[in-house]
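To keep things clear, I will list the structure first and then write my remarks on it.
In the working numbering, the protein residues as written are 1 to 921.
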């Protein structure tokens with residue numbers, strides 16, 4: 001008998017390397033055939049030299065010397081070549097992950113953490129009481145919110161070709177039993193790689209917000225229509241089977257949202273028409289899907305009344321199903337479904353315009369629940385006659401979809417900066433004669449005035465009010481939101497987010513604008529006010545995070561505001577900003593400020609009785625709150641999750657997570673798994689050591705912030721260094737989003753948006769927002785004391801928060817490269833400034849790596865993440881030429897070579913590096 005073969009690590013990664021070698025060979029052949037042997041030979045020489053650099057056979061300047069002075073006409077195809085090399089390497093890595101996951105399942109190994117199967121095992125082991133579970137999951141919601149924050153550098157066309165190559169590679173892997181089949185797949189892949197090579201990598205024009213709306217919606221047809229309802233159905237069944245005596249999850253837990261078309265903070269292109277367009281296009285996608293599914297059901301559910309009995313309710317639906325009573329007379333399900341389709345078509349026509357099936361005068365449905373009632377009647381009838389197999393297929397999928405997405409498809413958040421609210425409210429109060437100088441009032445006076453206005457039914461404006469352009473636009477947007485809510489339902493626009501919220505008056509100003517726009521009803525003289533839209537303060541800076549709980553508690557002491565919250569079942573959402581807090585105080589200080597804010601907010605929950613939902617404004621990179629979502633959820637404080645959370649999904653992360661059904665299922669499943677575990681299990685693990693650990697982190701955070709501030713806020717010339725040593729000035733030319741790169745036209749770090757801040761440091765391979773200041777804090781606190789070091793090591797093992805902070809730091813530092821960063825530093829004209837600041841960066845970088853190793857016991861940064869270590873190892877030879885070429889072209893541009901080709905080359909390198917790093921901003 002043959003002994004089973006044990007797979008080695010080399011065996012495991014061989015398919016990945018074979019795929020990279022195959023795709024790289026196809027790309028190389030394409031370049032040689034279409035760019036000529038000279039260009040191909042240079043690319044090959046550079047690639048080989050980069051591999052030699054990785055093996056430390058030559059110094060880091062080897063590639064830079066090869067590229068120095070290269071003609072721009074040759075540089076452009078070289079940059080494109082290495083950009084496509086990394087894009088195809090990404091594709092190969094995605095395939096490898098699928099292979100490894102399939103092998104794991106085939107081997108019968110236990111389910112992996114972050115899967116629902118693993119979570120169910122943990123819940124079973126905990127022997128939880130069903131009543132407690134029901135209480136904790138009473139407002140269960142997991143909502144990934146797609147934003148238009150511009151860090152996705154790939155064009156949609158490039159993305160589509162990449163998707164086709166991925167599918168061909170999968171088929172090549174599965175169906176290549178003969179040489180003819182293998183040759184056929186290879187030919188098809190070569191065609192797609194040629195199409196990729198002939199496609200421009202970067203856009204000539206900046207994305208319009210209309211384009212962003214369309215891009216966001218395309219993920220529904222790609223994956224979300226199928227994946228989200230299926231997860232909701234499976235989750236509800238799994239939980240109810242464990243606690244059969246309790247009606248868990250009366251509403252689907254997983255419900256998506258969007259900011260695209262409603263987020264106008266710093267985006268002047270969001271208008272009333274854009275709000276209508278965003279909401280109506282989403283509804284068109286939903287109605288279109290439902291009507292197509294009903295048509296397919298009408299074709300397939302052909303049961304005959306001569307063979308199958310139906311319920312009385314279905315007979316009633318069938319009787320009014322077709323205009324012609326003789327049509328499909330003995331096929332009641334077809335007739336009933338046709339009637340439902342006609343009514344739903346009339347519903348879509350009423351909401352959005354357009355034709356109705358059969359041009360009939362069928363009455364529109366008032367609500368999605370009314371549609372579900374009719375479909376549920378068909379489902380019950382089919383099950384009563386034993387047709388469960390048929391009911392569990394397309395009909396069940398449609399029922400789950402309508403229950404999840406309604407008529408609106410996704411919730412559309414509105415967001416605006418508190419400064420804008422203040423300006424508009426001051427104008428409205430002055431025009432109406434209520435107060436001529438609102439901005440001169442104290443906080444107490446503002447709250448008193450605003451609370452009184454929220455009580456009165458009198459509007460501030462008449463039909464002929466003359467307003468500034470800003471005020472007219474802001475009110476127009478809110479009135480447009482009211483229109484779509486009236487048409488599509490309250491869940492269409494459920495939240496109004498206040499950026500840079502610092503006070504109770506900031507919250508009440510938003511409420512007053514909602515009242516003036518018709519979304520907040522002050523109520524009858526003896527009744528409470530009501531607002532379908534939740535008012536959501538966004539706490540962003542470290543100071544605002546620290547004061548956030550006090551701000552919320554003070555707002556709840558204002559009777560009119562507390563009544564608004566009570567009218568929503570005592571539900572209050574708070575948004576936490578990861579990006580600005582990091583830019584404000586650095587990585588460790590920001591992470592701890594967020595944790596502390598959640599602890600403080602949990603205390604407000606205990607004192608006030610509200611049901612808190614946190615909305616996490618995370619970006620793709622660690623410097624903007626990125627990292628594995630499952631780990632991030634488990635790293636929340638006890639009591640912070642309570643069955644519900646929302647989080648933003650931004651830029652390149654959206655495509656990585658939701659463009660392919662398998663990836664979408666895994667990522668959404670991990671969000672729910674983390675939410676269930678954080679809600680129902682004790683995952684913090686600190687017990688009686690919690691308070692001492694919090695105090696320790698207070699001290700570490702203060703030290704880290706001081707170290708960060710010494711560099712970013714206190715070192716003279718830092719902004720000049722940043723602008724000269726990174727491509728921040730060129731980021732705005734990438735045409736990757738509709739929003740401007742800065743909130744205001746200044747040179748201040750505080751006014752620069754977090755995305756270009758993070759993206760610029762990433763391009764220069766410093767990755768400063770993801771680690772700077774942490775090493776100093778750890779080293780100073782330990783102070784050479786072995787006992788203190790042991791304390792930190794113990795926290796790393798026991799506390800998910802601390803472990804996640806250090807793990808994310810390691811991931812981002814592994815992508816940094818200070819030898820490359822030194823080349824960028826040479827772009828700084830002032831030698832003394834360069835030496836001072838880059839010296840500080842280099843010292844802190846070494847210090848942080850040293851302390852990470854001491855605390856974790858790991859001999860290298862990615863010891864606990866071998867797949868990422870292998871990924872970085874594989875793509876190093878492609879990063880090196882892109883970085884060196886970017887520095888070379890930046891030097892030429894700043895020396896006066898102001899040609900369009902040089903600028904295009906810089907943008908191409910930025911695109912390639914963002915693709916290689918996989919989370920750029």
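Note that CB positions come from ideal geometry on N, CA and C, so glycine has one too.
- Fewer than three beta-carbon pairs drawn from the region 107 to 125 and the region 179 to 193 are found closer than 8 Å, and the two stretches are therefore not classed as touching.
- In the structure shown, residue 175 falls within a coil segment according to DSSP collapsed to helix, strand and coil.
- At a Cβ-Cβ threshold of 9 Å, residue 283 and residue 352 count as neighbours.
- Residue 688: not part of any beta strand (DSSP E); DSSP gives it neither H nor E.
- Only buried fits residue 763, as 16 or more other CB atoms lie within 10 angstroms of its CB.
- A Cβ-Cβ contact shorter than 9 Å links residue 730 with residue 910.
- CA-CA distance, residue 803 to residue 836, rounds to 32 Å.
- Take residue 686, set aside five residues on each side of it, and the residues of its chain with a beta-carbon closer than 8 Å to its own are 693, 798 and 799, in chain order.
- The alpha-carbon separation between residue 594 and residue 684 amounts to approximately 15 Å.
- Beyond the five residues adjoining it in sequence on each side, residue 795 comes within less than 7 Å, by CB distance, of 693 and 802 in the same chain, given in chain order.
- When C-beta atoms of the region 23 to 30 are compared with those of the region 80 to 90, three or more pairs fall below 8 Å, so the two segments count as touching.
- Distance from the Cα of residue 829 is smallest, within the candidate group 416, 890 and 518, for 890.
- Rounded to whole angstroms, residue 38 and residue 888 show a C-alpha spacing of 21 Å.
- When secondary structure is reduced to three states using DSSP, residue 708 falls in the helix class.
- Judged by DSSP secondary structure, residue 532 falls outside any alpha helix (DSSP H); it is assigned neither H nor E.
- Closest by C-alpha distance to residue 310, out of 590, 163, 496 and 380, is 380.
- Per DSSP, residue 39 is not a residue of any beta strand (DSSP E); the alpha helix (DSSP H) it occupies stretches across 37 to 54.
- Distance from the CA of residue 675 to the CA of residue 584, rounded to the nearest whole angstrom, comes to 29 Å.
- Residue pairing for residue 191: DSSP places it in no beta bridge.
- Its chain contains 88, 89, 92 and 874 as the residues whose beta carbon lies nearer than 8 Å to that of residue 20, once the 5 sequence neighbours on both sides are disregarded; these appear in chain order.
- Shown here, residue 715 sits in coil according to DSSP, grouped into three states, outside any helix or strand.
- Here residue 578 carries a coil assignment [DSSP, helix/strand/coil].
- Selection 137, 128 and 197 evaluated against residue 161 yields 197 as nearest (Cα-Cα).
- Only buried fits residue 807, as 16 or more other CB atoms lie within 10 angstroms of its CB.
- The continuous beta strand (DSSP E) containing residue 644 extends over residues 644 to 649.
- Per DSSP, residue 615 is not a residue of any alpha helix (DSSP H); the beta strand (DSSP E) it occupies stretches across 611 to 617.
- Spanning the alpha carbons of residue 18 and residue 96 requires a straight line of approximately 11 Å.
- In this structure the region 218 to 229 touches the region 400 to 417; the number of beta carbon pairs closer than 8 Å is three or more.
- The beta carbon of residue 765 is closer than 7 Å to those of 816, 817, 820, 821 and 883 in its chain, skipping five residues each way along the sequence.
- At a Cβ-Cβ threshold of 9 Å, residue 477 and residue 514 do not count as neighbours.
- For residue 143, DSSP records a beta bridge to 646.
- Only buried fits residue 578, as 16 or more other CB atoms lie within 10 angstroms of its CB.
- DSSP links residue 499 through a beta bridge to 417.
- Assignment of beta-bridge partners to residue 573 by DSSP yields 613.
- Nearest Cα to residue 13 within the set 158, 426 and 868: 868.
- Residue 539 is bridged by DSSP to 576.
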